[in-house]
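Numbering (my numbering), first residue to last: -1 to 260. The C-beta atom is built at its ideal place from N, Cα and C for all residues, glycine as well.
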Amino acid sequence: MKLITLSQKIKRSNTLQNQLVFLLQKNFIMSNKRHNKSQKELVEELIQRGTIKTQEVELAMLSVDRSDFINKDPYLDIPQQIGYNVTISAPHMHAFSLSYLQRHLISGKPVRVLDIGCGTGYLCPAFLKMIPVQFQQQSTIVGIDHVKDLVQLSDRNIRKSFSQELDKKQIILVTGDGREGYQQLAPYDAIHVGAAAEKIPEALLQQLNFGGRMLIPVGKHGGEQEFLAIDKDLQGKITQTRLFGVSYVPLTSIQKQLGTQK
């Protein structure tokens, strides 16, 4: 009876559910993870496990030190809470995202990238570092989050090592509803969505460039979710590819996320 009661309470509170799932996952993962002491050791772990398979992803992740973005245990391969009922993804998910978008970041031309739910800001400079040096100055990485405090956090974090890139507008941070994308700088050659949508937002499909790719977790919160690659060919045809199962916080309104919706 206690388990049933607990389950009922969890269903009535998204915040409690987020915290419980996160703690259970973290406790399990922590017991099976290496306690790396540097970004180099973390990247070496991901290489040894076969998560990082290319030099481009390796160098990008070596260039962006996770300790600039999270204070506690930055080099453990675990997701971590950053407040506002969201997390910074585990390093292996960052590596997967860079890998699955690599072809669209290294395309022989300047590119535009949209990172939805930028959170701490980690992936914005990582995406920029994936782009060949000769195209970086003409490329634009847009990070968007609907929590203003997180956008400000991203700015502070990124400025620790990439202040010049922010000043030159190679990285742009905006406050807004990620479900609507960021039309002002569309279309995007690559879109990364850091929260799970119950269905793929039409606005994001519209803002995806011809020949572009979007990575997005899709599924109900607390239920089965899939990490999808959405490709738009040069004629505008959309193809979905299931990559693997995931567990992400929901892509929702700021009111639902913060628990203030009546």
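Contact set for residue i: own chain, Cβ-Cβ below 8 Å, skip 5 residues either direction
{"i": "threonine 118", "result": "Phe67, Ile68, Ile80, Ile86, Leu148, Leu151, Ser152 and Asn155"}
{"i": "leucine 206", "result": "Pro185, Tyr186, Ile189, Met212, Ile228 and Lys230"}
{"i": "glutamine 6", "result": "Here glutamine 6 scores only 43 on pLDDT, less than 50, and its place in the model should not be relied on; the value that follows carries that caveat. Excluding residues within five positions, none has a Cβ falling inside 8 Å."}
{"i": "lysine 35", "result": "Tyr73"}
{"i": "lysine 167", "result": "Thr138"}
Spatial distance of residue i from residue j (CA atoms)
{"i": "isoleucine 169", "j": "leucine 96", "result": "16 Å"}
{"i": "leucine 121", "j": "lysine 235", "result": "27 Å"}
{"i": "serine 65", "j": "glutamine 37", "result": "8 Å"}
{"i": "glutamine 136", "j": "valine 109", "result": "8 Å"}
{"i": "histidine 262", "j": "leucine 99", "result": "This structure leaves residue 262 out entirely; the chain is present only between -1 and 260."}
{"i": "valine 247", "j": "lysine 230", "result": "26 Å"}
{"i": "alanine 193", "j": "glutamine 132", "result": "32 Å"}
{"i": "threonine 239", "j": "isoleucine 214", "result": "11 Å"}
{"i": "threonine 237", "j": "isoleucine 228", "result": "6 Å"}
{"i": "glycine 48", "j": "phenylalanine 242", "result": "15 Å"}
{"i": "glutamine 162", "j": "glutamine 46", "result": "33 Å"}
{"i": "phenylalanine 160", "j": "alanine 88", "result": "21 Å"}
{"i": "histidine 33", "j": "phenylalanine 94", "result": "20 Å"}
{"i": "glutamate 56", "j": "glutamate 39", "result": "12 Å"}
{"i": "glutamine 253", "j": "arginine 157", "result": "29 Å"}
{"i": "isoleucine 198", "j": "aspartate 143", "result": "17 Å"}
{"i": "alanine 201", "j": "glutamine 134", "result": "26 Å"}
{"i": "threonine 258", "j": "serine 251", "result": "10 Å"}
{"i": "asparagine 83", "j": "valine 41", "result": "27 Å"}
{"i": "glycine 106", "j": "valine 216", "result": "30 Å"}
{"i": "isoleucine 114", "j": "phenylalanine 208", "result": "19 Å"}
{"i": "leucine 164", "j": "proline 130", "result": "18 Å"}
{"i": "lysine 70", "j": "cysteine 116", "result": "19 Å"}
{"i": "glutamine 204", "j": "glutamine 233", "result": "13 Å"}
{"i": "histidine 52", "j": "arginine 101", "result": "Note that residue 52 corresponds to threonine in the displayed sequence, not to histidine. Straight-line Cα distance between these residues: approximately 11 Å."}
Close-in-space but distant-in-sequence residues of the same chain around residue i (CB under 7 Å, 5 per side omitted)
{"i": "lysine 218", "result": "Glu196"}
{"i": "alanine 124", "result": "Ala58, Met59, Val62, His92 and Leu96"}
{"i": "proline 72", "result": "Arg64 and Ser65"}
{"i": "leucine 183", "result": "Arg110, Thr138 and Val140"}
8 Å contact criterion, which residue i and residue j should meet: CB distance rounded
{"i": "valine 244", "j": "glutamine 223", "result": "5 Å"}
{"i": "tyrosine 186", "j": "glycine 210", "result": "6 Å"}
{"i": "leucine 268", "j": "tyrosine 180", "result": "Residue 268 lies beyond the residue range present for the chain, which begins at -1 and ends at 260; the question has no answer from this structure."}
{"i": "glutamate 54", "j": "methionine 128", "result": "6 Å"}
{"i": "glycine 176", "j": "leucine 249", "result": "7 Å"}
Same chain only: Cβ atoms within 6 Å of residue i, ignoring 5 sequence neighbours per side
{"i": "threonine 173", "result": "Lys146 and Val149"}
{"i": "valine 19", "result": "In this prediction, valine 19 has a pLDDT of 47, which is less than 50 and means its spatial position is unreliable; nothing more can be read from the coordinates."}
{"i": "isoleucine 139", "result": "Val111, Cys122, Phe125, Leu126 and Ile169"}
{"i": "leucine 171", "result": "Gly141, Val149, Ser152 and Asp153"}
{"i": "glutamate 178", "result": "Ala201"}
{"i": "isoleucine 50", "result": "Leu44, Glu56 and Ala93"}
{"i": "aspartate 75", "result": "Lys31, Ala88, Pro89 and His90"}
{"i": "glutamine 255", "result": "Asn83"}
Any C-beta of chain C under 8 Å from that of residue i
{"i": "proline 123", "result": "Given the protein chain composition of this structure (a single chain), no chain C is represented."}
At 3 residues or longer, what runs of the beta strand (DSSP E) sit wholly inside the region 119 to 195? Qualifying beta strand (DSSP E) stretches, in chain order: 138 to 143, 169 to 173 and 186 to 191.
task: Run through the region 197 to 246 for me and flag every whole alpha helix (DSSP H) of 4 or more residues, listed as ranges in chain order.
output: As far as the region 197 to 246 is concerned, its whole alpha helix (DSSP H) runs of at least 4 residues are 200 to 205.
- alpha helix (DSSP H) runs wholly inside the region 64 to 110, at least 4 long, in chain order: The region 64 to 110 contains these whole alpha helix (DSSP H) runs: 89 to 98 and 100 to 103.
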